[in-house]
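Below: the structure, in structure tokens.
Numbering (our numbering), first residue to last: -6 to 108.
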């Protein structure tokens, strides 16, 4: 599975951004899609995931501000980020988990939130 992410960049606090990720390759094997992020000097952490059936899971820090969605027909996952805070600044990684239990990661896209 190959992942191509788009979006990201610089935004002011309180603003919004959208991240998208398109999967290709063995897309029929994809179970979970989602996003993780890694801030400078910190470990990579889960942001949000969505299952093939549409069940979502969010980090407490983004609940109510971020929305993850998925288009199974297009094998894409989108993260709508609202009310962004400086602490949301990080490199965001697209993620998929496939039925063979393997995991795949996108190349990462930087989101910078200025105060």
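Quick reminder that beta carbons are idealized off the backbone N, C-alpha and C, glycines included.
Just so you know, these numbers come straight off a predicted model, no measurement behind them.
Residue state for residue 20 is assigned as helix, using DSSP reduced to three classes.
If you check the CB distance, residue -6 and residue 21 do not come in under 8 Å.
Two segments are said to touch when three or more pairs of C-beta atoms, one from each, lie closer than 8 Å; by this definition the segment 67 to 85 touches the segment 29 to 43. If you compare the alpha carbons of 16, 10 and 7 with that of residue 99, the shortest gap goes to 16. Beta-bridge pairing by DSSP links residue 50 to 42.
Taking all protein chains in view, the Cβ of residue 66 is surrounded by fewer than 16 other Cβ atoms within 10 Å, so the residue is classified as exposed.
Per DSSP, residue 64 is one residue of the beta strand (DSSP E) stretching across 59 to 64. By the 16-neighbour rule on beta-carbons within 10 angstroms, residue 30 is buried. Under a 10 Å Cβ-count criterion, residue 49 is classified as exposed, with fewer than 16 other Cβ atoms of the shown protein chains found around its own Cβ.
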